[in-house]
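Each remark here refers to the structure printed beneath this line.
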Amino acid sequence: MREPPIKKVLYWCPRCNVPLLGQGCACGGQGERIPLLRPYDVRPAFGTDRNMLSTLLLQRFGTGDLPEIILFNKAGGLDRNDLVIANGARFGWLSFHPCTRRWSFVPEQEALPFLLPRARAGIIDLETACREPEAISGRKIGGKRVAVWTDLTDGPVIVLFRGMAGTGILSGDRLKIRKIGVVPVSEYPDPGWNVAVERNRIHLKNLERHAVRFIRRHMYDRPRVNVSFSGGKDSTVALELARRAGVTESYFIDTGMEFPETLSFVDEMGIAVRLEGGGLLRHIAEQGLPTKDNRWCCELVKLLPVKLWLGEKGECVTIQGNRYYESFSRAGLPPVSENPFHPGQLNISPVRNWRALEVFLYTWWRRLAVNPLYEMGFERVGCWMCPAMLESEFELVRTVHPDLHHRWLTVLQEYAGKQGLPPEFIGCGLWRWKHPPPKMQELCRENMSHAAKEG
560 MREPPIKKVL
570 YWCPRCNVPL
580 LGQGCACGGQ
590 GERIPLLRPY
600 DVRPAFGTDR
610 NMLSTLLLQR
620 FGTGDLPEII
630 LFNKAGGLDR
640 NDLVIANGAR
650 FGWLSFHPCT
660 RRWSFVPEQE
670 ALPFLLPRAR
680 AGIIDLETAC
690 REPEAISGRK
700 IGGKRVAVWT
710 DLTDGPVIVL
720 FRGMAGTGIL
730 SGDRLKIRKI
740 GVVPVSEYPD
750 PGWNVAVERN
760 RIHLKNLERH
770 AVRFIRRHMY
780 DRPRVNVSFS
790 GGKDSTVALE
800 LARRAGVTES
810 YFIDTGMEFP
820 ETLSFVDEMG
830 IAVRLEGGGL
840 LRHIAEQGLP
850 TKDNRWCCEL
860 VKLLPVKLWL
870 GEKGECVTIQ
880 GNRYYESFSR
890 AGLPPVSENP
900 FHPGQLNISP
910 VRNWRALEVF
920 LYTWWRRLAV
930 NPLYEMGFER
940 VGCWMCPAML
950 ESEFELVRTV
960 HPDLHHRWLT
970 VLQEYAGKQG
980 LPPEFIGCGL
990 WRWKHPPPKM
1000 QELCRENMSH
1010 AAKEG
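Number 814 in my numbering belongs to position 255 of the sequence shown; there are no gaps in the numbering.
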């Protein structure tokens, strides 16, 4: 069976103002295309994310109003860097700086039909503020840098000029005009996610039918079949699909570094088999820190317990929730593959070609339970100190579980002290790599230079 192509665009119904999983909407209309950024994953904004975005808007533009339906399309960057999608358009960029530990939001031009009527601050009118009238005398001013009079602090601004509006970035008294033009007057319906689920019901039924059929095609390829449950959204959906296909056995690996919320969620979901895989901290002295490019921890606390358990049970098919939209490294995820660590295990991935949007819409359609960590702002659920998580998420751990954060921070401080590493090793999140990529090395140098100047 041919794999479906990578979905590089998102469809949006302009009539209902909801995202679509296909071109057609249940209202009878056709969706408009929104190009996505690699790895092309898109997910809903939950409570903590919405509060963060609302707070940033309020601080800068004097309004915390947001549409009910907001999506994040993650993109490359120093840390978290999400394209915010709302009202069928690119709304702006939400980013976290790993060294300053600060969040920022920069609106796009397409956000202005919603934002401009509500904004009460963060506005520069070039007719009165421009110190170089000749610089804006031409027909095209988008992309120009001009000197302005303003008491605003550095950051994103809304730019007004002769009946047009745009976006810009202020630095000192210099304003970089990003884009500017006539902003259409627009009014949008403001539906909730329940409407989005209803409008996508046909698409969701098709996804379920194909996934269950895929499981049934392979569940007898080995003598036994089970579900690997992690407590995250993807394995929650994989578990539901497997149960609909007739699979009854499931297991969870307790790495010893799981969030308390995840452990409670595993109990709630009725996962009977819990494999113990602890002992990570005592191996750091001989193995070094687990990192993104040296994840010895996965073999020790995740793969090994499963291998020992399956050694007693025999060969099996394991249904897992891996998706190739999760990251660049999973883009080539095959639908069926033998576990190289334990060849007797055949892994199948029924949601491999689902985006996070499909996963959550399906979850709400089937009224499945959701790990509360997503509502708290975590994009992915795993170990609370996983080096693969973003530094923004580690900062979030400090907020929701300060005891766990302090526990790992102590480990990092002891390791950095013994190795004679600079403050940036912890402060900028460099501990997450054995060999930091060039962009992180450059960030470290910039931060050290800035700190030296201030010192």
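Cβ atoms here follow ideal geometry from the backbone N, Cα and C, with glycine treated the same way. Treat the numbers as computed from the prediction; the structure is a model and nothing was measured.
>> To the nearest angstrom, how far is the alpha carbon of Ala688 from that of Thr709?
In response: Within the sequence shown, numbered from 1, the residue matching residue 688 stands at position 129. Within the sequence shown, numbered from 1, the residue matching residue 709 stands at position 150. Using only the alpha carbons, I get a separation of about 7 Å.
> Given a threshold of 16 other Cβ atoms within 10 Å of its Cβ, counted over all protein chains shown, does Cys680 qualify as buried or as exposed?
Replying inline: Taking the sequence shown and counting its residues from 1, one reaches residue 680 at position 121. A small correction: the amino acid at residue 680 is Ala; Cys does not occupy that position in the sequence shown. Flag for Ala680 reads exposed.
> So what does His901 bridge to, in DSSP terms?
Replying inline: Your numbering for residue 901 matches position 342 in the sequence shown. BP columns for His901 point to Asn898.
> How close, in whole Å, do the beta carbons of Gly1015 and Leu955 come, if the pair is a contact with beta carbons under 8 Å?
Replying inline: Outside the shown range of the chain (560 to 1014) lies residue 1015, about which nothing can therefore be said.
>> Let me make sure I understand the geometry here. Which of Thr712, Gln904, Pro750 and Val865 has the alpha-carbon closest to that of Cys875?
In response: To locate residue 875, count along the sequence shown from 1; it is residue 316. It is Gln904 whose Cα lies nearest to the Cα of Cys875.
> Would the beta-carbon of Asn1028 fall within 7 Å of that of Leu579?
Replying inline: There is no way to answer for residue 1028, as the model of the chain reaches only from 560 to 1014.
>> I'd like the span of the beta strand (DSSP E) that includes Trp662, first residue to last.
In response: Sequence index remark: in the sequence shown, residue 662 carries index 103 (1-based). Trp662: member of the beta strand (DSSP E) spanning Arg661 to Pro666, first to last residue.
> Apart from the five residues just before and just after His994, which ones in its own chain have a Cβ nearer than 7 Å to its Cβ?
Replying inline: Position 435 of the sequence shown, counting from 1, holds the residue named residue 994. For His994, where only same-chain residues beyond five positions count, the Cβ hits under 7 Å are Asp852.
>> Considering only their Cβ atoms, is the gap separating Pro594 from Lys568 smaller than 7 Å?
In response: On the sequence shown, position 9 is the one that residue 568 refers to. On the sequence shown, position 35 is the one that residue 594 refers to. Here residue 568 turns out to be Val, not Lys, going by the sequence shown. Contact: yes.
> If you follow the alpha helix (DSSP H) that Val959 is part of, which residue opens it and which one closes it?
Replying inline: The count along the sequence shown starts at 1 and reaches residue 959 at position 400. Note, Val959: alpha helix (DSSP H), Glu950 to Val959.
> Around the Cβ of Gln879, are there at least 16 other Cβ atoms within 10 angstroms (buried) or fewer (exposed)?
Replying inline: The sequence position of residue 879 within the sequence shown is 320, counting from 1. That one is buried.
>> So, at 8 Å on beta carbons, what are the nonlocal neighbours of Arg661 in its own chain, with the 5 sequence-adjacent residues on each side left out?
In response: Locating residue 661 in the sequence shown gives position 102, counting from the first residue. Within the same chain, Arg661 has close Cβ partners Phe655.
> Is it the case that the Cβ atoms of Cys572 and Gly588 are separated by a distance below 7 Å?
Replying inline: Walking along the sequence shown from the start, residue 572 turns up at place 13. Walking along the sequence shown from the start, residue 588 turns up at place 29. Yes, the pair counts as a contact, with Cβ atoms nearer than the cut-off.
>> By the three-class DSSP mapping on this structure, what secondary structure does Lys851 have?
In response: Position 292 of the sequence shown holds residue 851. DSSP places Lys851 outside both helix and strand once states are collapsed to three, so it counts as coil.
> For Pro997, does the three-state DSSP call read helix, strand or coil?
Replying inline: Walking along the sequence shown from the start, residue 997 turns up at place 438. In this structure, Pro997 counts as helix in the three-state DSSP scheme.
> Under a three-way DSSP split, which group does Ser613 fall into?
Replying inline: Position 54 of the sequence shown, counted from the start, is the residue given in the question as residue 613. In this structure, Ser613 counts as helix in the three-state DSSP scheme.
> Between Phe773, Glu827 and Leu822, which lies nearest to Val806 when the distance is taken from Cα to Cα?
Replying inline: Position 247 of the sequence shown holds residue 806. Each of Phe773, Glu827 and Leu822 was checked against the Cα of Val806, and the nearest Cα belongs to Phe773.
>> Please state whether the Cβ-Cβ distance between Phe605 and Glu934 is less than 7 Å.
In response: Residue mapping note: residue 605 aligns to position 46 of the sequence shown, counting from 1. Residue mapping note: residue 934 aligns to position 375 of the sequence shown, counting from 1. With respect to the 7 Å criterion, Phe605 and Glu934 are classified as neighbours on the basis of their beta carbons.
> Between which two residues does the beta strand (DSSP E) containing Glu591 stretch?
Replying inline: Working through the sequence shown from its first residue, we reach residue 591 at position 32. Run containing Glu591: Glu591 to Pro594, per the beta strand (DSSP E) assignment.
>> Less than 7 Å between CB atoms is the rule here; does Ala634 satisfy it with respect to chain D?
In response: In the structure shown, chain D does not exist; there is a single protein chain.
> For Val744, which of helix, strand or coil comes out of DSSP?
Replying inline: The residue labelled residue 744 in the question sits at position 185 within the sequence shown. Coil, per DSSP.
> Which same chain residues, not among the five before or five after Met816, have their C-beta less than 7 Å away from its C-beta?
Replying inline: In the sequence shown, residue 816 corresponds to position 257, counting from 1. Here the set comprises Leu839, Cys942, Trp943 and Met944.
> Between Leu630 and Val665, is the Cβ-Cβ spacing less than 7 Å?
Replying inline: Here residue 630 refers to the residue found at position 71 when the sequence shown is read from its first residue. Here residue 665 refers to the residue found at position 106 when the sequence shown is read from its first residue. Going by C-beta atoms, Leu630 is not nearer than 7 Å to Val665.
>> Please classify Phe900 as buried or exposed, where buried requires at least 16 neighbouring CB atoms within 10 angstroms.
In response: Here residue 900 refers to the residue found at position 341 when the sequence shown is read from its first residue. Exposed is the call here.
> So the alpha helix (DSSP H) Asp684 belongs to, where does it begin and stop?
Replying inline: As a first step, residue 684 is located in the sequence shown; it is residue number 125 there, counting from the start. Element bounds for Asp684: not the alpha helix (DSSP H) but the beta strand (DSSP E), Ile682 to Asp684.
> Looking at the unbroken beta strand (DSSP E) that takes in Arg602, where does it start and where does it end?
Replying inline: Working through the sequence shown from its first residue, we reach residue 602 at position 43. Looking at the DSSP string, the run of the beta strand (DSSP E) that includes Arg602 is Val601 to Pro603.
> In three-state terms, what does DSSP make of Met1007?
Replying inline: Working through the sequence shown from its first residue, we reach residue 1007 at position 448. DSSP places Met1007 within a helical segment (H, G or I) once states are collapsed to three.
>> Check this for me: beta carbons of Trp990 and Leu971, under 7 Å apart or not?
In response: In the sequence shown, the residue the question calls residue 990 occupies position 431. In the sequence shown, the residue the question calls residue 971 occupies position 412. The answer is yes: Cβ separation under 7 Å.
>> Which complete alpha helix (DSSP H) runs does the region 819-890 hold, if anything under 4 residues is left out?
In response: Runs of the alpha helix (DSSP H) inside the region 819-890: 819-827, 843-846 and 863-872.
>> I'd like the span of the beta strand (DSSP E) that includes Arg783, first residue to last.
In response: Counting from 1 along the sequence shown, the entry for residue 783 is found at position 224. Element bounds for Arg783: Arg783 to Phe788.
>> Can you give me the C-alpha to C-alpha distance between Leu642 and Met611, rounded to a whole angstrom?
In response: Counted from its first residue, the sequence shown places residue 642 at position 83. Counted from its first residue, the sequence shown places residue 611 at position 52. Spanning the two alpha carbons is a distance of roughly 14 Å.
>> Under DSSP, the beta strand (DSSP E) around Pro715 begins and ends at which residues?
In response: Indexing the sequence shown from 1 puts residue 715 at position 156. Element bounds for Pro715: Gly714 to Phe720.
>> Strictly by DSSP, which residues pair up with Ser730?
In response: Mapped onto the sequence shown, residue 730 falls at position 171. Arg733.
>> Closest to Trp855 by C-alpha separation, out of Arg776, Ala947 and Gly976, would be which residue?
In response: Within the sequence shown, residue 855 is the residue found at index 296, counting from 1. Of the candidates Arg776, Ala947 and Gly976, the one whose C-alpha sits nearest the C-alpha of Trp855 is Ala947.
> Three-state secondary structure (DSSP) at Val910?
Replying inline: One-based indexing of the sequence shown puts residue 910 at position 351. Coil.
>> So, under 8 Å CB-CB, Gly701 and Ile736 are touching, yes? Tell me the CB distance rounded to an integer number of Å.
In response: For the purposes of this step, residue 701 is taken as the residue at position 142 of the sequence shown. For the purposes of this step, residue 736 is taken as the residue at position 177 of the sequence shown. Indeed, because the Cβ distance is near 6 Å, the residues count as touching under 8 Å.
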